[in-house]
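First the structure, in the form of structure tokens, and then the observations on it.
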Amino acid sequence: MLIIFIAGCEQKQEESAEQRKARLDSFSMKRYGKSSDERIKEMTHKVISKSLLDTAGLYKSPIKIIKATLVKKEYSNFRDIRISYKNVSNKPISAIRFMWKGIDAFGEPADMGGAYDGFGGGFTDDVLRPGKSETREWSILSRDGKKVQLAWPTEIAFTDGTKWKLSKK
69 MLIIFIAGCE QKQEESAEQR KARLDSFSMK RYGKSSDERI KEMTHKVISK SLLDTAGLYK
129 SPIKIIKATL VKKEYSNFRD IRISYKNVSN KPISAIRFMW KGIDAFGEPA DMGGAYDGFG
189 GGFTDDVLRP GKSETREWSI LSRDGKKVQL AWPTEIAFTD GTKWKLSKK
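FYI, this note's numbering numbers position 15 of the sequence shown as 83, with every residue one higher than the one before it.
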């Protein structure tokens with residue numbers, strides 16, 4: 069007796085982009101309770117926030133932030149940022165670079181005028197004498213900003229040519 073087996077070759081079909089996304093999302097949902105896109109966005113935000121919020125050495129800054137608030141413009145629904153600061157050093161300052169972090173009404177990162185939601189930055193090159201305070205506004209055109217969580221100087225130039233820079237670990 070002769071038995072012939074015919075085995076068919078089964079070709080594995082390529083997974084489409086939609087199928088791959090669905091497979092990854094189901095894994096991500098089971099493990100994290102979020103889609104893979106949401107999880108990646110969350111992880112990216114954590115990494116960027118940690119690096120931008122590295123304010124080690126801020127206590128040594130020649131500038132102290134007195135107040136940072138968002139101000140609504142009279143002619144639109146956009147908001148700008150207003151920062152009050154003081155020169156606590158014994159040297160005149162010729163320029164200051166600032167960064168700030170803000171949130172919306174839901175506590176999520178707001179559009180603060182920077183490349184990454186939640187963060188923004190600006191500078192001033194007006195001379196600030198020792199012991200003097202100043203208040204400046206920067207036009208950031210924030211649509212959803214509700215609160216400034218933190219504002220800090222990142223670099224300061226003195227009139228004598230020396231500089232102070234916020235140290236990164």
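Just so you know, even glycine gets a beta-carbon here, dropped at the ideal spot from N, CA and C.
- Can at least three beta-carbon pairs, one atom from the region 210-219 and one from the region 135-143, be found at a separation below 8 Å? Three or more Cβ pairs drawn from the region 210-219 and the region 135-143 lie within less than 8 Å of each other, which places the two stretches in contact.
- Use the C-beta contact count for G188: other C-beta atoms within 10 angstroms, 16 or more gives buried, fewer gives exposed. By the 10 Å Cβ count, G188 comes out buried.
- Proximity winner among I164, Y184 and A173, relative to P221 (alpha-carbon distances): Looking at the Cα atoms, I164 is the closest of the given residues.
- Item | Between the CA atoms of F226 and K233 - distance to the nearest angstrom | Going by C-alpha positions, K233 is about 11 Å away from F226.
- Message: Please tell me whether R197 and N155 are closer than 9 Å, where the distance is taken between their beta carbons.
- Response: Their beta carbons are under 9 Å apart, which means R197 touches N155 by this criterion.
- With 16 other Cβ atoms within 10 Å as the buried cut-off, status of G213: Classification for G213: buried.
- Query: Hey, out of G229, R147, Y127 and K128, whose CA is closest to V195's CA?
  - Reply: Nearest of G229, R147, Y127 and K128 to V195, Cα basis: G229.
- Alpha carbon to alpha carbon, how far is N145 from G182? Distance between the alpha carbons of N145 and G182: 18 Å.
- What number of angstroms, rounded off, separates the C-alpha of E275 from the C-alpha of R147? Residue 275 cannot be examined here, being either before or after the span of the chain that is shown, 69 to 237.
- So, A178 versus S152, is the Cβ gap smaller than 9 Å? No, these two residues do not count as a Cβ contact at 9 Å.
- Message: Let's see if you can read the secondary structure: which residues bound the beta strand (DSSP E) around N145?
- Response: Going by DSSP, N145 is part of no beta strand (DSSP E) at all; its letter is neither H nor E.
- Straight-line gap, Y127 to S103 (C-alpha atoms, nearest Å): Distance between Y127 and S103, taken at the CA atoms: about 40 Å.
- Message: Tell me the rounded alpha-carbon separation between W206 and R150.
- Response: Computed Cα separation, rounded: 7 Å.
- Would a C-beta distance cut-off of 9 Å place T192 and F174 closer than the cut-off? Against a cut-off of 9 Å, the Cβ pair of F174 and T192 comes out as no contact.
- Item | Runs of beta strand (DSSP E) lying entirely within the region 125-185, each at least 3 residues, in chain order | With a minimum length of 3 residues, the continuous beta strand (DSSP E) runs that stay inside the region 125-185 are 131-140, 147-155 and 161-171.
- Item | K102 (DSSP reduced to helix, strand or coil) | In the three-state reduction of the DSSP assignment, K102 falls in the coil class.
- Message: Going by DSSP in three states, K89 sits in which element: helix, strand or coil?
- Response: Reduced to three states, the DSSP call for K89 is helix.
- Task: Check E110 in the structure and name its three-state DSSP category.
- Result: Three-state DSSP puts E110 in a helix.
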